[in-house]
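Let me begin by presenting the structure, written as structure tokens, before commenting on it.
6 protein chains.
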Amino acid sequence: MAKMVLLCVLVSFLLMPLASLALTQDFCVADLTCSDFYFHGLAGQGKINPLIKAAVTPAFVGQFPGVNGLGISAARLDIEVGGVVPLHTHPAGSELLFVTQGTVAAGFISSGSNTVYTKTLYAGDIMVFPQGLLHYQYNAGTGAAVGLVAFSSPNPGLQITDFALFANNLPSAVVEKVTFLDDAQVKKLKSVLGGSG
Amino acid sequence: MAKMVLLCVLVSFLLMPLASLALTQDFCVADLTCSDFYFHGLAGQGKINPLIKAAVTPAFVGQFPGVNGLGISAARLDIEVGGVVPLHTHPAGSELLFVTQGTVAAGFISSGSNTVYTKTLYAGDIMVFPQGLLHYQYNAGTGAAVGLVAFSSPNPGLQITDFALFANNLPSAVVEKVTFLDDAQVKKLKSVLGGSG
Amino acid sequence: MAKMVLLCVLVSFLLMPLASLALTQDFCVADLTCSDFYFHGLAGQGKINPLIKAAVTPAFVGQFPGVNGLGISAARLDIEVGGVVPLHTHPAGSELLFVTQGTVAAGFISSGSNTVYTKTLYAGDIMVFPQGLLHYQYNAGTGAAVGLVAFSSPNPGLQITDFALFANNLPSAVVEKVTFLDDAQVKKLKSVLGGSG
Amino acid sequence: MAKMVLLCVLVSFLLMPLASLALTQDFCVADLTCSDFYFHGLAGQGKINPLIKAAVTPAFVGQFPGVNGLGISAARLDIEVGGVVPLHTHPAGSELLFVTQGTVAAGFISSGSNTVYTKTLYAGDIMVFPQGLLHYQYNAGTGAAVGLVAFSSPNPGLQITDFALFANNLPSAVVEKVTFLDDAQVKKLKSVLGGSG
Amino acid sequence: MAKMVLLCVLVSFLLMPLASLALTQDFCVADLTCSDFYFHGLAGQGKINPLIKAAVTPAFVGQFPGVNGLGISAARLDIEVGGVVPLHTHPAGSELLFVTQGTVAAGFISSGSNTVYTKTLYAGDIMVFPQGLLHYQYNAGTGAAVGLVAFSSPNPGLQITDFALFANNLPSAVVEKVTFLDDAQVKKLKSVLGGSG
Amino acid sequence: MAKMVLLCVLVSFLLMPLASLALTQDFCVADLTCSDFYFHGLAGQGKINPLIKAAVTPAFVGQFPGVNGLGISAARLDIEVGGVVPLHTHPAGSELLFVTQGTVAAGFISSGSNTVYTKTLYAGDIMVFPQGLLHYQYNAGTGAAVGLVAFSSPNPGLQITDFALFANNLPSAVVEKVTFLDDAQVKKLKSVLGGSG
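Residue numbers (UniProt numbering), protein chains in the order written: chain F, 1 to 197; chain V, 1 to 197; chain X, 1 to 197; chain H, 1 to 197; chain D, 1 to 197; chain C, 1 to 197.
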């Protein structure tokens with residue numbers, strides 16, 4: 001008991017010299033509160049895009065500031081029957097997909113040899129898509145599919161090939177020259193996706 | 001049409017000079033097949049440990065070779081009513097938790113200032129635990145809880161504080177000296193967790 | 001003079017204790033000879049591919065072992081009149097282009113916002129293409145164009161979008177589903193580029 | 001001699017074109033003076049904490065700004081007879097200990113297998129503690145012990161297990177649930193270390 | 001056709017949910033315009049320094065902001081007959097040299113064993129100089145030589161040994177003590193290069 | 001008590017499912033024993049080189065395998081009265097010097113601007129030398145000086161300028177061309193340091 005009393009007396013001393021260590025930093029965002037490390041925005045279905053019949057809801061550093069500097073972020077995929085997450089890359093991160101509902105056909109293409117890696121994934125399956133490689137996911141089942149996705153970066157980026165080619169002002173002639181697509185095809189998709197030129 | 005024929009004739013030439021690029025490497029494991037990028041082992045409930053009433057099933061590089069060099073890996077948590085994933089760290093990676101079923105109370109403690117960040121998480125919520133910091137999860141609901149976890153490393157490591165202290169041959173006297181725990185407490189937990197000394 | 005003699009006597013001692021430092025390593029390839037740090041293979045024009053009227057000659061780590069571990073590699077572009085280096089990415093490195101002859105139209109597309117950055121480059125100009133983003137180069141002049149390229153990785157990878165889609169066994173139906181391209185277009189380019197399915 | 005005169009005339013030209021290189025940056029703190037790269041604060045004994053009979057004096061980036069961006073920092077340990085640096089981790093760096101005076105018993109515990117690595121260190125000995133792993137040091141001799149410590153990060157962090165558990169407002173019931181410690185033990189140490197709840 | 005109309009109607013929906021992704025970041029400089037990724041400053045011969053009969057024109061991040069965060073930068077070497085780029089290091093990057101005109105003798109010295117790697121390079125040849133090692137280039141031909149250089153860092157730094165020793169206020173006595181050079185030699189070069197002390 | 005018995009029974013179950021985690025890896029050398037993390041070789045004075053009147057004793061990864069993959073290593077400096085650690089760089093790491101005995105004059109030179117940072121250090125003082133920059137240490141006192149050094153890399157390298165220039169077969173004419181040193185000076189130091197050519 002006497003020992004305990006002594007300890008209590010000493011504790012203010014104990015904390016003092018270590019107080020100077022309090023500036024060490026485990027994460028990189030100033031003024032973080034608990035809620036910064038928690039994110040509710042993937043709890044519900046994302047807003048379905050009627051063209052692709054799918055929703056991609058990001059929890060990147062822009063939406064979820066707590067991941068800053070931590071080398072990780074997240075997203076949620078909702079893919080309706082017939083829906084698709086079109087061919088895309090993440091320039092700055094690898095992707096890990098957990099299928100939590102439904103059936104998803106997924107694939108990626110290696111660089112250099114252009115080898116195709118495809119798999120049909122059921123609830124509980126996971127698949128990894130290496131950084132920067134083209135990949136896709138589509139609903140291969142008879143009901144809605146849901147996936148939870150993690151990335152090896154707080155800001156992995158997203159470049160959807162169709163959007164990069166057809167949803168901006170890159171001239172059709174240039175698109176055709178660098179892709180060998182036909183003029184009619186390019187103009188049709190530019191029209192669909194809102195591109196000009 | 002003639003153009004197409006010409007193209008077909010030329011394609012063997014086309015592929016030739018680029019063949020030398022085929023050695024470029026997008027991932028780091030030799031002789032990978034498609035199945036290396038896919039993992040089924042998290043699809044079912046893990047083997048529940050009756051003491052903690054929980055299961056931690058890893059999909060680190062040892063179990064899931066496709067993640068090698070990709071900066072990411074995964075695990076599944078199954079936590080029964082009353083179950084707990086005890087206080088632990090991942091020395092080499094940050095953790096992102098998706099709760100997919102049930103209710104989970106989770107928390108971590110910052111370094112330096114020892115600030116506690118806690119949150120009750122429901123299905124759909126996510127939380128991030130910065131690299132190397134002590135954290136825990138336990139079932140705070142009335143049914144089984146399930147979490148999917150991603151890490152910012154293919155091999156994040158796992159150091160459960162109780163196992164590090166009480167499940168090996170670190171002498172009780174040393175444990176007591178470096179933790180200020182009482183001798184009876186240390187010996188009791190060494191006995192429970194199979195430690196010696 | 002006496003001092004010099006003394007120094008000469010002492011030099012064998014001098015070299016001895018530092019000999020143990022000789023194992024420190026500035027580069028990562030065993031048994032390198034001088035020739036490993038030198039590469040002649042970009043000195044001449046590459047083998048022109050008649051379809052694209054261009055040649056891409058790599059000096060990645062596979063061809064040029066001296067760059068191993070040094071965070072850099074190289075390539076040479078030869079683009080004939082009318083030639084093109086089709087739309088592509090380097091999943092693992094940024095690219096820096098020096099135009100050394102002719103006129104090159106080049107561009108890249110940012111992720112997220114799909115903003116297009118294009119420029120006509122003349123001999124002496126340089127342009128940088130950020131890691132993982134879609135980009136292209138084509139001859140925009142009246143004579144042959146030559147470019148020297150450096151990458152921020154010894155093994156940056158190369159994924160040519162057309163090859164990834166049309167030069168392998170990825171089924172046409174899948175290509176169409178994930179790109180919204182028409183069936184005729186996909187089959188035409190698969191035929192041109194040697195793809196099946 | 002004439003050559004020297006010529007050289008002197010030319011030197012103002014010499015310095016001019018290279019002046020534009022002066023913006024290259026070898027370190028990352030603005031307005032550094034010489035004193036930023038020098039630190040006197042480890043020269044004397046740190047303020048001994050009477051509970052642990054030891055002092056940990058940091059020279060992290062907060063105290064020693066010159067290390068910013070350089071991947072290294074330092075600290076000094078003073079451990080009186082009977083003193084201890086309690087069980088702790090550095091979430092963001094490996095530690096290298098030089099014992100400069102006295103006798104220190106040190107150890108760390110690996111992750112996964114919980115293997116214990118311990119050693120008695122005498123003046124002149126060094127030991128390394130891998131990033132993120134639990135470790136400790138205590139005086140094992142008959143006089144004061146001193147250690148100089150380097151870290152593989154300018155800001156390695158410090159998480160003392162006892163402080164993380166007992167010196168904050170983490171509720172006793174939660175501590176007990178996630179550590180299997182007894183309620184009396186937790187409350188005793190919370191009292192000693194100033195924790196609440 | 002009806003399908004196309006439908007697509008056009010839907011496209012505004014399509015772009016909406018993905019708009020939130022637009023904050024993802026592929027490069028690190030705010031308010032970049034196209035011109036930031038393009039640099040004209042290496043197109044012409046640099047300003048020849050008459051002492052070394054050579055010019056080193058940098059396109060580091062200070063001159064070429066588009067390379068920020070991309071792990072790469074550039075420079076141009078112009079070396080007249082008899083000219084030399086004196087012995088130097090880049091503390092923060094490896095160097096890749098493309099000789100585009102003339103004949104260049106180049107070499108570097110490994111650390112530890114002090115092994116010399118030298119090569120005579122002709123137009124079209126490339127050579128790599130590992131990070132931080134001493135190296136040089138000089139004109140070994142009968143006409144002007146030009147080299148294009150890439151670095152594995154946006155800010156590789158440049159430390160010319162002669163300038164570090166003789167072009168500042170480092171006292172002659174210190175220079176002599178740490179290099180074993182003779183006093184007359186040190187004073188002569190300090191005079192040439194504008195140093196004091 | 002009954003609870004304890006139950007716990008003991010259950011513990012074999014407890015350890016089972018976590019056994020699969022044992023392959024996680026905290027360090028990178030196979031078959032490490034405790035002694036790999038401990039090093040005795042810096043405990044005594046190094047072998048003094050009579051020319052420089054100093055000894056540099058490394059504990060890099062080659063001598064001290066436990067630091068592999070941990071981002072840190074060490075060395076010991078012994079500098080007799082009048083002794084010097086000549087001008088040198090570490091191409092792959094920053095250096096942190098603890099002076100533990102005597103008086104040391106130390107300095108480094110920044111890149112680009114060639115600014116000199118010098119300091120007289122007494123026992124207990126520390127100084128940091130940024131990666132790749134030229135620096136030196138010499139005894140500035142009346143008794144032997146000792147320093148303990150840490151590096152931000154397991155293999156920082158060491159390039160002593162004099163050795164790189166004069167202790168190998170780099171021809172005198174090349175040395176003179178790239179350093180502007182006089183022929184007599186170069187030949188004198190080549191003779192002293194054992195170089196040829």
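Note that CB positions come from ideal geometry on N, CA and C, so glycine has one too.
For chain H, check one thing: does any of its Cβ atoms lie closer than 8 Å to the Cβ of LYS53 (chain V)? no
Taking 8 Å as the CB-CB limit, is LEU87 (chain X) close to chain D? no
Classification of VAL93 (chain V) by the beta-carbon crowding that lies within 10 angstroms, buried from 16 upward: Just to set this straight, residue 93 (chain V) is Gly in the shown sequence, not Val. With 16 or more other Cβ atoms within 10 Å, it is buried.
From H:GLY69, H:GLY102, H:GLN63 and H:ALA167, pick the residue whose C-alpha is nearest to that of ASP78 (chain H); which is it? H:GLY102
Cβ shell of GLY197 (chain V) (< 7 Å), same chain only, five flanking positions each side left out: ASN169, LEU170, PRO171 and SER172
Closer than 8 Å to chain C by CB, HIS40 (chain H): yes
Can you tell me whether DSSP reads LEU96 (chain H) as helix, strand or coil? strand
In chain X, which residues lie with their C-beta within 7 Å of the C-beta of VAL104 (chain F)? Under the 7 Å cutoff, chain X gives no residues; its nearest Cβ is about 12 Å from VAL104 (chain F).
Per DSSP, which residues does PHE129 (chain H) bridge with? Please list them. H:GLU95
Can you name, in chain order, every residue of its own chain whose Cβ lies under 6 Å from the Cβ of PHE98 (chain V), other than the five neighbours on each side? ILE126 and LEU148
Under 7 Å Cβ to Cβ from THR57 (chain H), same chain only, skipping five residues before and after it: list those, please. GLY41, LEU42, GLY46, ALA75 and ARG76
Contacts around GLN185 (chain D), its chain only, beta-carbon distance under 6 Å, and the 5 residues preceding and following it disregarded: none
Between LYS188 (chain X) and ALA140 (chain X), what straight-line distance do the alpha-carbon atoms span, to the nearest angstrom? 26 Å
Comparing alpha-carbon positions, which option in V:THR100, V:PRO91, V:ILE48 and V:PHE108 lies nearest VAL128 (chain V)? V:PHE108
Anything in the segment 66-91 of chain F with a Cβ closer than 7 Å to a Cβ of chain V? List those residues in chain order, please. GLY66, VAL67, LEU70, GLY71, ILE72 and ALA74
Listed in chain order, which residues of the segment 148-176 of chain D have Cβ atoms closer than 7 Å to some Cβ of chain X? LEU148, ALA150 and SER152
Could you work out which residue in F:TYR138, F:ILE52, F:LEU158 and F:LYS190 is closest to LEU121 (chain F) when comparing CA atoms only? F:TYR138
Can you have a look at THR179 (chain X) and say buried or exposed, based on whether 16 or more other CB atoms are within 10 angstroms of its CB? buried
Within chain C, partners of GLY112 (chain D) - CB distance below 7 Å: GLY157 and LEU158
For GLY141 (chain H), return the contacting residues in chain C, with the cut-off set at a CB-CB distance below 8 Å. Within chain C, no residue comes near GLY141 (chain H); the closest Cβ sits about 15 Å away, beyond 8 Å.
Start and end of the alpha helix (DSSP H) containing LYS177 (chain V)? 172-179
Going by C-alpha to C-alpha distance, which of D:ALA164, D:LEU70 and D:GLY194 sits closest to SER153 (chain D)? D:LEU70
Using a Cβ-Cβ cutoff of less than 6 Å, which residues in the same chain neighbour VAL61 (chain X) once the five nearest sequence positions on both sides are dropped? VAL67, ASN68, PRO154 and ASN155
DSSP state of residue 252 (chain V), grouped into three classes? With chain V running from 1 to 197 in the structure shown, residue 252 (chain V) is simply not present.
Closest Cα partner of VAL85 (chain V) within the set V:THR161, V:THR115, V:TYR38 and V:ALA167: V:THR161
How about ILE72 (chain V) and PHE151 (chain V): do their beta carbons lie closer than 8 Å? yes
Where do the N-terminal and C-terminal ends of the beta strand (DSSP E) with PHE37 (chain V) fall, by residue? Segment: none, PHE37 (chain V) is in no beta strand (DSSP E) and carries neither H nor E.
For ASP182 (chain V), three-class secondary structure by DSSP: coil
Go through its chain and collect everything with a Cβ distance to THR100 (chain X)'s Cβ below 7 Å, but skip five positions before and after it. ALA123, VAL146, GLY147 and LEU148
Provide the residue(s) that pair with LEU121 (chain D) in DSSP beta bridges, ordered along the chain. D:VAL104
Proximity below 8 Å, CB of SER111 (chain C) to CB of GLY157 (chain D): yes
Residues in the same chain with beta-carbon distance under 8 Å from GLN159 (chain H), minus the five sequence neighbours each way, listed in chain order, please. HIS88, THR89, HIS90 and PRO91
Partner residues on chain X for LYS115 (chain F), Cβ-Cβ distance less than 8 Å: Strictly speaking, residue 115 (chain F) in this sequence is Thr, with Lys absent from that position. The answer, in chain order, is ASN168.
Could you tell me the alpha carbon to alpha carbon distance between ALA167 (chain D) and PRO130 (chain C), rounded to whole angstroms? 20 Å
Are any of the Cβ atoms in chain H nearer than 8 Å to that of PHE64 (chain V)? no
Spatial neighbours of THR118 (chain D) within its chain, please: CB distance less than 6 Å, with the 5 preceding and 5 following residues excluded, ordered by chain position. GLY107
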